[in-house]
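Those letters in the sequence shown? Residues 447 to 972, by the working numbering.
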Amino acid sequence: MTRLLDNHLAGRWQSGGGAGTALLDPVLGTELVRVSGAGLDLAEGYAFARDRGGAALRALTYAERAALLARIVELLQGKRDTWYDIALQNSGTTRNDSGADIDGAIYTLGQYARWGAKLGDARCLADGEPVKLGKDGAFQSAHFLVPQRGIALLINAFNFPAWGLWEKAAPALLSGVPVVVKPATATAWLTQQMVAEVIEAGVLPPGALSIVCGRSEGLIEALQPFDLVSFTGSADTARTICAHDNVLRHSIRVNAETDSLNSAVLGPDAAPGSEAFALMVKEVVREMTIKSGQKCTAIRRVLVPQAHAAAATEAIAAALAAVKVGNPRNEAVRMGALASRAQLSAVRDGLAALGREAQLAWAGSEADLVDVDPKVAACVMPHLLKVDDGDAATLAHDLEVFGPVATVVPYRDADHAFALARRGFGSLVASVFSDDTDFVARAAIEMAHAHGRLHVVTPAVGKSHTGHGNVMPMSLHGGPGRAGGGEELGGLRALGFYHQRSAVQAPVEVLAKLAEGAAPWQGGAG
Ligand code: NAP
Numbered sequence: 447m448t449r450l451l452d453n454h455l456a457g458r459w460q461s462g463g464g465a466g467t468a469l470l471d472p473v474l475g476t477e478l479v480r481v482s483g484a485g486l487d488l489a490e491g492y493a494f495a496r497d498r499g500g501a502a503l504r505a506l507t508y509a510e511r512a513a514l515l516a517r518i519v520e521l522l523q524g525k526r527d528t529w530y531d532i533a534l535q536n537s538g539t540t541r542n543d544s545g546a547d548i549d550g551a552i553y554t555l556g557q558y559a560r561w562g563a564k565l566g567d568a569r570c571l572a573d574g575e576p577v578k579l580g581k582d583g584a585f586q587s588a589h590f591l592v593p594q595r596g597i598a599l600l601i602n603a604f605n606f607p608a609w610g611l612w613e614k615a616a617p618a619l620l621s622g623v624p625v626v627v628k629p630a631t632a633t634a635w636l637t638q639q640m641v642a643e644v645i646e647a648g649v650l651p652p653g654a655l656s657i658v659c660g661r662s663e664g665l666i667e668a669l670q671p672f673d674l675v676s677f678t679g680s681a682d683t684a685r686t687i688c689a690h691d692n693v694l695r696h697s698i699r700v701n702a703e704t705d706s707l708n709s710a711v712l713g714p715d716a717a718p719g720s721e722a723f724a725l726m727v728k729e730v731v732r733e734m735t736i737k738s739g740q741k742c743t744a745i746r747r748v749l750v751p752q753a754h755a756a757a758a759t760e761a762i763a764a765a766l767a768a769v770k771v772g773n774p775r776n777e778a779v780r781m782g783a784l785a786s787r788a789q790l791s792a793v794r795d796g797l798a799a800l801g802r803e804a805q806l807a808w809a810g811s812e813a814d815l816v817d818v819d820p821k822v823a824a825c826v827m828p829h830l831l832k833v834d835d836g837d838a839a840t841l842a843h844d845l846e847v848f849g850p851v852a853t854v855v856p857y858r859d860a861d862h863a864f865a866l867a868r869r870g871f872g873s874l875v876a877s878v879f880s881d882d883t884d885f886v887a888r889a890a891i892e893m894a895h896a897h898g899r900l901h902v903v904t905p906a907v908g909k910s911h912t913g914h915g916n917v918m919p920m921s922l923h924g925g926p927g928r929a930g931g932g933e934e935l936g937g938l939r940a941l942g943f944y945h946q947r948s949a950v951q952a953p954v955e956v957l958a959k960l961a962e963g964a965a966p967w968q969g970g971a972g
């Protein structure tokens, strides 16, 4: 039997009971390690984090906590080869795709270290200037944000075991809030090893960082008033957590990042042969194939002018045909595996369902998989679908197939395109490809209410734009409705979730005294 990974709770390493759950190599099918959280005393672990970790973090200034993040960056940088090796084995990703997770995590941590340093010696944040309450101005009101005094329970999805941890832990720790991370079981190895590296180096105070692997039972029940939950995963699990009696009873703040039917819109001006058309094709193919399409931000719907639908479908299919899929250990391979055979079944089921209303425009043949046994590996070829009538389609706008799958949907005019994009009922991101500034500006505003982020690409930024699905820490990550209604990142805005905003009504000299220990809450990037 393979090694059982330990959990870190109550300031010590603890083994879960029983044989645990095996984590597998999704390409070779071999067992790698095991995880178990059975029998852990979560109440004790949370209490230790709250009391010891929280108090120690809050005793530091923002700049001191930012320095801790910078130390974590150094530690993680020093072991990049180890992280890449684990990702190769447990996530089945190519080096390039592992980079989106690992280097994305290190970059995001580094940004928060830099932004946090600018908050200096402050211990709370001042939100705006005091406002007079009485006639003479002696009694005023001012808003302050103070670090929350519970734990931040980070529940993460399987597709970003590194970035998913650190993009949340960075603003939480910078805010002075201790973190308990629960990685998705299938890929928990990388998260557990990164946490172990940081704990063993003694960078953080005891209780500031804990990890529970392999179980979800009891995680929510053990929460107390002022604890926070930052969840990433499916809409179904988000619903279970948000509707949990303990969450409702204590008004526990939950940030949910869930699934999303993101779209790319090709502008009416962008005819085949234009630069904007080529940029759209390139981006759709990239989004479908990075991490085998297992990205919450991936393009699922490609909205194109009716007159160009056939050409767009053909061009995307031609580019997909050039992507080698298979064992990421083979250097020719550009797209590796899905995270597990369970995910492969889910993708196959999703394709079968989508196929009832959409036509298959292109799919690679399994016979072309490189260096894998299709009966063992969780590999799937990209699938491009198309519908003729985007209004009549339902699943194309509603069913997230979490793999290398997208559907081309034709539109009549700009308003129709915006209406179709909104049929996702809230998405993380939409991108627009056009050389018409008026159109893209209008598109951004028309679609903003239903999207957390709009990614506008004109030929002028063809080489420099950061990618539709690439989540930059400077920009908000999250989306309304179907996308979970959450907000992460967006510079120092992310600290808002981990603070309590409170109005202090007091004599003006008291407010002046409080302001001396506060950094201005700008709500934006540092
Ligand atoms: P999932 O099944 O919802 O699981 C997410 C996490 O929740 C896992 O850690 C899981 O643990 C845990 N969990 C399951 N049931 C729970 C419960 N009752 N209480 C507490 N925790 C529970 O999602 P997934 O399959 O891992 O991830 C794929 C989905 O995530 C996709 O739909 C994707 O769109 C979405 N996603 C969204 C974002 C975003 O930022 N919006 C990012 C990445 C992924 P176990 O693994 O142990 O079951």
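Glycine residues also receive a C-beta, built at the ideal position from the N, C-alpha and C atoms.
Every value quoted in this text rests on a predicted model; they were computed, and no experiment measured them.
Here the C-alpha atom of G913 lies approximately 14 Å from the C-alpha atom of L922.
Remark: the shortest separation between the CB of F848 and any heavy atom of ligand 1 falls under 6 Å.
Fully enclosed beta strand (DSSP E) runs of no fewer than 3 residues occupy 699-703, 708-712, 745-751 of the region 684-753, in order along the chain. For T883, the enclosing alpha helix (DSSP H) stretches over residues 883-894.
Annotation for F590: the continuous beta strand (DSSP E) segment containing it runs 585-593. With fewer than 16 other Cβ atoms from the protein chains shown falling within 10 Å of its own Cβ, N542 counts as exposed.
Remark: the C-beta of S709 is outside contact range of ligand 1, defined as less than 6 Å to any heavy atom. Residues of the same chain with a CB within less than 8 Å of the CB of T633, apart from the 5 flanking positions on each side, are L469, N536, S537, F604, N605, P607, A785 in chain order. The residues F879, V903, P905, G908, in chain order, have a CB closer than 8 Å to that of L725 in the same chain once the five nearest residues on each side in sequence are set aside. Between the alpha carbons of R458 and H945 lies a gap of roughly 27 Å. Rounded to whole angstroms, D567 and E575 show a C-alpha spacing of 20 Å. In this structure, S544 has its CB at a distance of at least 6 Å from all heavy atoms of ligand 1. By DSSP's assignment, W612 forms no beta bridge with any residue.
Put simply, the region 607-618 does not touch the region 570-590. Fewer than three CB pairs are less than 8 Å apart. Short of 7 Å from the beta carbon of G931, and not among the five residues preceding or following it, lie these beta carbons of its own chain, in chain order: A702. Judged by DSSP secondary structure, V649 falls outside any alpha helix (DSSP H); it is assigned neither H nor E.
The Cβ-Cβ distance between A867 and S709 falls below 7 Å.
If you check the CB distance, F590 and V950 come in under 7 Å. Shown here, A839 sits in coil according to DSSP, grouped into three states, outside any helix or strand.
Boundaries of the alpha helix (DSSP H) harbouring H862: 860-868, taken from the DSSP string. If only uninterrupted alpha helix (DSSP H) runs of at least 4 residues are considered, those enclosed by the region 471-548 are 488-494, 500-504, 508-523, 526-537.
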